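Line by line, the protein sequences give chains A and B.
Here my numbering is used: the first residue of the first sequence is 50, the next is one more, and so on.
Here my numbering is used: the first residue of the second sequence is 730, the next is one more, and so on.
All C-beta atoms in this analysis are idealised placements derived from N, C-alpha and C, irrespective of residue type, glycine included.
Keep in mind the model is a prediction, meaning the values are calculated, not measured.
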Amino acid sequence: MPSSRRSIRPLPELLVNQIAAGEVVDRPASVVKELVENALDAGATRVTVRLEQGGIELVEVSDNGAGIAAEELPLALMPHATSKIAAAEDLDRIGTLGFRGEALASIGSVARVTIRSRTEAQHEAAEIACDGGETSVPRPASGPVGTTARVRNLFFNTPARRKFLRTVPTEQARCVDAARDLALAHPAVAFVVSTDGRTALDLPPGQTPRERALAALGTELADQVIEVSADEFDDARGATLWGLAGLPAIARATNQAQHVFLNGRPIRDKTVQHAIKEAYRGLIEPGRHPTCVLMIEMSPAAVDVNVHPAKVEVRFRDPSLVHTLVLRALRRALQSADLTPTIATARPTMLGPREIGPAATLADRLRHGPWPDSGAPIDYAATREALASAENGPVDGGRGSASGWPDAASIAEPKPQTPLPAPIPASRVLQVHNSYLVTQDAEGVVIVDQHALHERVMFEQLVARVSREPLERQRLLTPSVVPATPAQIARLPELAPLLSRIGVEAEAIGPEAIGVHAFPSFLFERGVDPVDLMSDLLERSNDFAPDSEEALRDVLDMMACKAAVKAGDRMSEGELAELLTLRDEVERSSNCPHGRPTSVRLTIRELERLFKRS
Amino acid sequence: MKVICDRAALLAAVNMASGVVATRTPRPQLTCIKLTARKSGKSADLTLTATDGEAALRLTVAQVDVQEPGEAVIPADKLRQIVSAEEGDPTLTIETEDDACHIRGQDARFKVFGFKPSEFPSIPDFEKIFAGKDGGKTAIFTHTSDGLSTMIGRTLFATARENSRYAVNGALLKREGKKLEMVATDGRRLALARQTLAQSDKDAAPITCIVPARTLGLMQRLMDEPEVPVRVAVTDSQILVAVGTPEDGGIRAALSSNLVEGAFPPYEEVIPRDQDKKVVFDRDVLSSAVRRAALLTNEESRGVRMKFKGSERQLELSSRAPEMGEAEVNVELSSYEGADLEIGFNPTFIVDALKVVSDPNVVMELKAHNKPGVVKSGNDFVYVVMPVNLQ
């Protein structure tokens, strides 16, 4: 056999750096991230990011930070050279965003980089260039105090990598996202991001975290988010948190709108994501993801950020501490907030902030239709006008303004000067189509889905009851026979503890049937058929671990759903009043256990808008 | 048609007929009552007919003066409201004019638009069926109104509220020779009432059918006169009930209804025969004790705990609803045989049964905390009730 053996030899430095670059720098957005982090570590109060062709052509980050001394410039481009740590112990208390000393060298090996910098002490700036790994000597240049790093032609010498880049708009969006993430975490620092000469982000310095979050993510979110913060208890354990949590109504199809920061560094962490999901459980539909901005601060010693070259993943010394911190803070905020969604009366504009775009899922498209605004009224007037002008020249339709309708502003009544009278108590409730309850509160009209609300209320009562003791069970004269598969029958012993908690007693009675001997009293009173519930439960039992809390909640939810008032059930006045009273008493009554809203609100302001009174 | 009717008699009939008209239906005739005025020689009467498609009711009012025989079909709710509101009038005059109907009191006149009598759905020919001349396999028996009413009362409450896979919304009616039985169950309790017919042909066909709960309720309302013979006929798909006989001036009230299809659960094997504890107590004392103990139950904690202490001949009833409170009531037992026992029951189930037994001394037989309890009153009433497991 001919030998195909090749000898082992050390790789040239450039190749090492290019391989390393693959871990740190995989697209222009990583360049933006690394350079902006450097700027922030240098103590900048103003960071400017300039992008060309989505950053593929150029990423330029300028700051007004401390700068790099001319003699240190060559070192900056050397691998594992950094000012941020000096010894191994420093890894345990990393207070800067970067520390590995890899980034600039990595970038330098796959792009054409120039760095111009000046420290306070220097009279002039110095500039160094690195072209695919070949570093020039520093030469004098002119420039203010601070650093400007310019990265051109990313991956010009690694075509394979360049091939993997997406389209310019996609890469550009990712670059802006990377800068925005860092801007969120550093509200005191001014950020300006421009793409091909257009300003994409312009954030003033000295903002509060809230101001910054709204300025960066959209001020229209102001009434769609609630503030979240940790309490003294968490503080005492060395962790604190601040954030904004999006209302369930603005949940997204992906978790991309969850901005989580640890000590100012954007991270993606499973523990935190799970805690967020857990906090919103029952408030949003499964498959949707909450939106939030969370800033977690904890001692650098309590977390290992040196897990991943891009430092997106971190390792917490005590993951449960972080989980509890996030879960508790979010839950507290959500429970104290009014989560009733308002009815959007204003139609989103064509390019409105809807989730349609390359990232939109099929489900989103189905939900909203293929057009950004399928609900827009057809403008017949425009058609008429076009036809008229084609045939007879311009003709006045005789119907007022060009839109065919009188200008809304011209007929709007002046706003009443006196404040609205205080609303009367919600004593009168209207049941519509035996399905929805219409009532009012201080802000406007509240419409309640009777089944969803009743289900939620019953669910909470059941959870409370079962956490104290098992449900009372009524024995049957003869067992109710539930058809079952052999596999389901085999699972019965495993399900037994769960069944006993929910007041069901069942045993196999033959190869393909389960007999129910006892069933919760209250389900009988509510007319729930044991066979119905058990068939569903057996079917669902494949999906859960029978001894988990999740399984219990799942089953209780099933029971609540079956026992609750259905759409179409006529309710007496007493029942209506009772249900609405419970709405106020039960936590999370704004959404049914499946996460669908139980009520929506049409505010007085929206009514005024609808009636063109505003 | 023109009739002058006694208002009170008419109101009673209209009220009852209103219970059979349909409420939501695309056929407006099913929301109406058909009036038929007849006159032959000296006798005259007004017949009210109503049907919702499932059941049909025919009532005859004799307190009328028929001036002109004829028919009218008018909406039941309007007729009922008018007859009921004309309180000051001892009599009302009803006269037709095409499809409209004029109802006149002393100082009021109503014109109600109705429908053509020919468009009213047909109902069974009771006379023909009870005469055995309908040609089908019809089984007929005669019982007293009291007897039937009692049997219905002792079972109707135990019917399931709606048809489901584990119970039917109706009661089993069974006749074999002179033995008549009615059984109802909702899966958690079973009520069985027995009576003996005064007369029966030896070779009369046996009957086994399920009567809808609603029909049983209507039947009970028809049995308002005591000791009146009532005839019951059962066909393949219907039950028919007639009050009044040809000898006695004809059928005064008649009801027909579809039967519930399907099989009644096998009830004999549910009645336990090996109960080893026997309690005798005063019906009213126990009923009151259970009702008081039930004051502190709620939807999820329904059960009342019954602690039988044989040596002291005491029964301690208690209940507990989390976040609400507790109750305890003590009852002296007339007698107790067997070992001590603690068992839980839905209080409603116990009180329901105690309401329908006539004997002031009631026997309860028990076995174990997870086995059924049996309440008996003579041989006429057997009631099996399943316990609840208390925590």
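What do you reckon, are the CB atoms on residue i and residue j nearer than 8 angstroms?
i	j	result
A:HIS566	A:GLU574	no
B:LYS1007	B:GLU1061	no
A:ALA228	A:VAL81	yes
B:THR914	B:PRO994	yes
B:ARG981	B:VAL1113	no
A:THR196	A:ALA88	yes
A:PHE11	A:ARG522	What is shown of chain A runs 50 to 663, which leaves residue 11 of chain A out entirely.
B:PHE839	B:ILE832	yes
Determine which residues share a DSSP beta bridge with residue i and list them.
i	result
A:THR196	A:SER166
A:CYS179	A:VAL162, A:THR184
B:TYR1112	B:ALA920, B:VAL1104
A:PRO646	A:ASN640
B:SER772	B:SER769
A:ALA174	A:ALA190
B:GLU848	DSSP, once it has assigned bridges, lists no residue as partnering B:GLU848.
B:PHE886	Paired residues: none, contrary to the question.
B:SER685	Outside the shown range of chain B, which is 730 to 1120, sits residue 685 of chain B, and nothing can be said about it.
B:PRO804	B:CYS761
A:SER621	In DSSP, A:SER621 forms no bridge with anything.
A:VAL108	A:LEU100, A:VAL200
Mind reading off the beta-carbon distance from residue i to residue j? Whole number of angstroms is fine, and I expect it under 8 angstroms.
i	j	result
B:GLY726	B:VAL940	The question about residue 726 of chain B has no answer, for chain B in this structure spans 730 to 1120.
B:SER1030	B:ARG1042	With 8 angstroms as the limit, B:SER1030 and B:ARG1042 do not qualify as a contact, their Cβ atoms being about 28 angstroms apart.
A:LEU332	A:LEU388	7 angstroms
B:PHE870	B:GLN758	That belief does not hold up - the Cβ atoms of B:PHE870 and B:GLN758 are roughly 33 angstroms apart, past 8 angstroms.
B:GLN796	B:LYS731	4 angstroms
B:PHE750	B:THR760	A small fix is needed here, since residue 750 of chain B is Val in this sequence, not Phe. With 8 angstroms as the limit, B:VAL750 and B:THR760 qualify as a contact, their Cβ atoms being about 5 angstroms apart.
B:PRO1121	B:ALA785	Residue 1121 of chain B lies beyond the range of chain B shown here (730 to 1120); nothing can be said about it.
B:SER1106	B:ASP1088	5 angstroms
Is the shortest distance between the beta-carbon of residue i and the beta-carbons of chain B less than 8 angstroms?
i	result
A:ALA351	no
A:ALA567	yes
A:ARG514	yes
A:GLU624	no
A:GLY493	no
A:ALA475	Note on A:ALA475: pLDDT 47, under 50, position unreliable in the model; the coordinate value appears next. Taking Cβ atoms only, chain B never reaches closer than 8 angstroms to A:ALA475, which makes this a no.
A:SER570	yes
A:GLU588	no
A:GLY576	yes
A:LEU601	no
A:LEU526	yes
A:LEU520	yes
A:ARG505	no
A:PHE508	no
A:ARG261	no
Can a CB atom of chain A be found closer than 8 angstroms to the CB of residue i?
i	result
B:SER1030	yes
B:GLY1102	no
B:VAL790	no
B:PRO994	yes
B:ASN898	no
B:GLY799	no
B:LEU988	no
B:GLN1046	A quick correction: the sequence has Leu, not Gln, at residue 1046 of chain B. Not closer than 8 angstroms to any Cβ of chain A, the Cβ of B:LEU1046 fails to qualify, so no.
B:THR914	yes
B:LEU1119	yes
B:GLU1094	no
B:PRO1116	yes
B:VAL1113	yes
B:PRO1076	no
Is residue i near the ligand ATP - that is, is its Cβ less than 7 angstroms away from at least one heavy atom of it?
i	result
A:ARG261	Among the components of this structure there are no ligands whatsoever, and the ligand ATP is therefore not found.
- Item | Length-filtered (3 minimum) beta strand (DSSP E) runs lying within the stretch 264 to 341 of chain A | 274 to 278, 288 to 295, 307 to 311, 314 to 316
- Query: Unbroken alpha helix (DSSP H) runs of length 4 or more, entirely within the stretch 528 to 585 of chain A: which are they?
  - Reply: 535 to 550, 570 to 574
- Give, in chain order, every unbroken run of the beta strand (DSSP E) that is at least 3 residues long and sits entirely within the stretch 1000 to 1054 of chain B. 1006 to 1011, 1033 to 1038, 1043 to 1050
- Considering only residues of the stretch 926 to 973 of chain B, which uninterrupted alpha helix (DSSP H) runs meet the minimum length of 4 residues and lie entirely inside it, listed in chain order? 942 to 951
- 3 or more residues per run - each beta strand (DSSP E) lying fully within the stretch 210 to 267 of chain A: 239 to 244, 247 to 252
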